[in-house]
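Notes for the one structure printed next.
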Amino acid sequence: MQASHYDKNKLKYHDASYERKYLLDPKYMMKRDLQHYYRYYHSSDKGCRIPHFEVTNYRLMQYMGLPPNLTCKKAITRASEVGSRVWWTITDEELMFYYKINDTRNINCNYSPLKHHYKISTSTFGDVVPFKLLFNQSIEIAPEIEFIRVRCSEKHRQYFYEDYHFFAVNKTQPRTNYFAKSEKNKINRRVRRVKKKENFSDYLHERDDDINESTQQLSIMILGIDSVSHLNSLRYMKRTVDYIRKRLNYVEFWGFNKVGDNAYSNLIPLLTGLAADELKLSCTRAKKLHFTECPFIWKRFKDAGYMTSFLEDVARTSLFSMDTIFSHPPTDYYIRPVVMEMENHIGYYYSVSVNLCMGGRRTIDLVLEMIQKLNPFLQKENFFSFFWLASMTHDFIYMPKLLDNDFVNLFEHFQETGILNKTIILLTSDQGLRWGSFHGTYQGMMEERQPLLIAIYPSWFKQRYAEAVANLEINAKRLITAYDVYATFLDLLNLHNLQPSTLKARSKELHDFDTIPRGISLFLPVPETRTCENAGIASYWCTCYQRTEMPTNDVRVQEAARYVVKLINEQLKPYPQCRILYLNSILDAVLLAPHYNIIKEVKDDYANDIYLRLQTKPGLAVFESTVRISGYTKRLTGSITRLNLYGSQSYCINIDTLKMYCYCHR
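2 is the number of the first residue of the sequence shown in the working numbering; add one for each residue after it.
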């Protein structure tokens with residue numbers, strides 16, 4: 002590591018040996034940060050004060066960097082963006098360069114339709130259809146086929162090329178109005194009124210106004226990027242953020258707080274309004290969690306006549322990759338079956354946990370490509386779309402930069418095609434990066450808890466629902482969560498909820514509640530008195546707390562650390578292949594307290610919430626957790642999270658939730 006050179010009149014950036022000892026050593030990361038940040042706040046509400054952090058400064062530069070260039074192989078075939086055609090896209094010269102074949106006349110290709118059997122989570126292939134193509138020629142695929150596998154061989158030798166393609170099959174249906182009954186009543190009232198009108202054109206004008214107001218519906222698009230904090234989007238997606246701020250109507254949320262440990266526990270509240278453990282109770286059948294039974298928000302929109310889509314670019318580590326199944330496709334458009342096949346057969350450029358390339362495309366292009374194919378339907382139909390990109394950004398802090406140009410192009414296309422004029426878009430994430438040297442700093446830990454959230458809306462929406470947008474802007478610096486986003490979706494399903502008189506009545510009702518609800522529509526003013534506790538945020542994840550460093554030899558700290566290790570060992574006890582863990586060292590200890598200074602339990606006993614980072618042996622795993630000590634009792638206020646990678650240490654166990662804890666006998 003080279004020493005950095007700064008003007009001596011500015012804050013001094015020390016030499017490399019100092020950096021290694023104090024800046025990068027986990028024993029010092031948190032301690033040198035703690036007293037630095039409690040001077041400026043994004044929010045100074047009565048219930049929550051969220052500290053302000055800089056996007057970049059001399060102290061952060063050592064953790065940042067630039068991503069490597071990502072180049073995937075040249076594809077031989079591609080699928081059309083409109084319709085169901087497959088094109089030959091490689092020249093003879095490229096064929097020789099990439100595949101060492103010098104004559105396309107010797108190549109034989111075929112395709113097979115892919116069918117997924119949801120109840121047994123298995124895919125099969127249909128009849129093989131042979132074809133031969135030349136550069137820029139294409140073949141037509143049957144319009145009802147969604148997924149195909151393409152294989153090519155030279156003469157009768159082994160296949161040298163395999164790829165998969167997917168198509169946006171037309172699934173449009175007759176439009177239904179969610180509020181058809183009330184609309185019918187309005188029309189009947191108009192029929193009675195028209196008899197009293199002297200000028201029939203006056204009636205027609207009134208009728209148009211009424212219908213436009215009552216039948217106007219907005220499409221919803223969740224454009225999600227895994228593991229991107231709000232501030233990291235400002236660092237590495239500058240063009241995208243700049244485009245949104247200068248060209249679009251938007252609200253940027255600075256108090257968006259995560260509620261769980263991973264993508265699943267943070268996205269389930271957004272999609273269902275329930276915590277992950279509540280969802281398990283809600284849709285467990287015969288002691289097994291069946292996602293088909295779960296109350297996902299897209300079901301409500303589907304019932305309202307919307308088309309629905311759920312796209313992820315990864316399958317093995319996707320949102321629903323556990324031992325649970327959908328008994329049928331959860332949405333109209335769903336590409337996980339073909340993504341699973343691609344991961345198993347043509348994925349490469351492996352990076353920690355995911356493949357960055359799939360055949361002749363980047364893995365993120367799976368979702369971006371499907372969005373392009375859905376464009377004709379996105380323009381014409383009411384849509385609820387959930388698009389989630391995880392492959393590029395899951396593991397490294399600088400990787401969002403590789404998405405920046407793609408997202409600018411996407412927003413430009415949405416503007417040009419008119420999609421933005423009929424759609425609310427949420428550019429969001431589940432959390433910030435959960436590991437790495439930056440996460441070891443206080444700012445890194447806080448950024449993990451503050452994911453990206455920007456709401457983008459059409460210009461006419463603010464004109465028609467000015468009070469609702471005003472509340473949205475008020476909430477930009479209030480404490481909010483994924484539970485609130487879910488409640489907001491319900492309002493967008495019925496825009497009558499956003500009428501001024503309705504909003505006024507609902508705001509008064511919210512103000513008069515004895516307790517603040519966990520989920521509040523962002524079109525209502527979130528109370529200033531809201532705390533993490535009534536927002537459904539465990540103290541472990543709360544960014545409102547004042548943090549005070551504690552000595553690691555404090556009796557309470559020692560008790561809390563031993564308690565955490567004990568809980569880990571209790572989980573591992575049924576698995577003898579995992580070694581017993583022992584406390585090796587306590588890296589950091591921080592007392593968490595709201596700015597009203599103390600947490601009070603129901604019995605009025607004072608409780609201490611102690612945040613810990615500790616290291617265990619063997620294996621030198623680093624964990625973080627928060628323990629609440631009240632009198633003689635101790636309990637976790639969140640989960641126990643591993644901060645460094647477990648690699649091959651847990652090779653002997655296949656239970657995802659235990660891999661981070663298990664150190665296998667060698």
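Cβ atoms here follow ideal geometry from the backbone N, Cα and C, with glycine treated the same way.
Contact between the stretch 423–431 and the stretch 451–458 is established, with three or more Cβ pairs separated by less than 8 Å. In this structure, the alpha-carbon of T309 lies about 44 Å from that of V566.
By the criterion of a C-beta distance shorter than 8 Å, L275 is surrounded in its chain by I269, S283, P296, once the five residues flanking it on both sides are discounted.
DSSP places L615 within a strand segment (E or B) once states are collapsed to three. Burial state of G620 is buried, judged by a 10 Å Cβ sphere holding 16 or more other Cβ atoms.
The DSSP-derived three-state label of T309 is strand. Taking the Cα positions, Y662 is about 46 Å away from E145.
Excluding sequence positions up to five before and after T57, its CB lies within less than 8 Å of the CB of M65, R236, all in the same chain and listed in chain order. Each residue's CA atom was taken as its position, placing N376 and Y652 some 43 Å apart.
A594 is bridged by DSSP to Q547.
Residue pairing by DSSP puts L637 in a beta bridge opposite V628. For I372, the enclosing alpha helix (DSSP H) begins and ends at 366–381. Residue burial annotation: G348 is buried, with at least 16 other C-beta atoms found within 10 angstroms of its C-beta. Shown here for Q572: same chain residues with a beta carbon closer than 7 Å to its own, the five before and five after excluded, namely L659, Y662 in chain order.
The C-beta separation of I221 from I425 comes to about 6 Å, placing the pair in contact by the 8 Å criterion. Between the C-alpha atoms of N356 and V368 there is a straight-line separation of about 14 Å. The continuous beta strand (DSSP E) containing W89 extends over residues 86–89. Following the DSSP letters along the chain, one finds W542 in no alpha helix (DSSP H), marked with neither H nor E.
Within the same chain, I517 come within 6 Å of P528 by CB-CB distance, once the 5 residues on both sides are set aside.
For the options E141, L637, S113, L71, the alpha carbon positioned closest to that of W89 is the one of E141.
Cβ-Cβ distances below 8 Å link K635 to E560, A561, Y564, V628, R629 in the same chain, with the five nearest sequence neighbours on each side left out; the list follows chain order. Contact between R106 and S139 does not hold, since the beta-carbon distance rounds to 18 Å and is not under 8 Å. The Cβ atoms of F524 and D555 do not sit closer than 9 Å to each other. Here the alpha carbons of I226 and I398 stand approximately 12 Å from one another. Straight across, the Cα-Cα distance linking R248 with Y466 is about 20 Å. The beta carbons of E370 and E82 sit closer together than 9 Å. Checking the DSSP bridge columns, you'll see H117 partnered with S124. A straight-line Cα-Cα distance of about 8 Å links T318 and S354. Around the beta carbon of Q650, 16 or more other beta carbons lie within 10 angstroms, which makes this residue buried. Taking the Cα of F132 as reference, the smallest distance to any Cα among D396, K505, R152, I365 is reached at R152. Taken atom to atom, the span from the alpha-carbon of I108 to that of A391 is near 35 Å. Under the rule that a run must span 4 or more residues, the alpha helix (DSSP H) segments found entirely inside the stretch 384–426 read 405–418. When secondary structure is reduced to three states using DSSP, I77 falls in the coil class, being assigned neither helix nor strand.
When only Cα atoms are considered, I77 and T418 end up about 30 Å apart. Here D93 carries a helix assignment [DSSP, helix/strand/coil].
In the three-state reduction of the DSSP assignment, D262 falls in the coil class.
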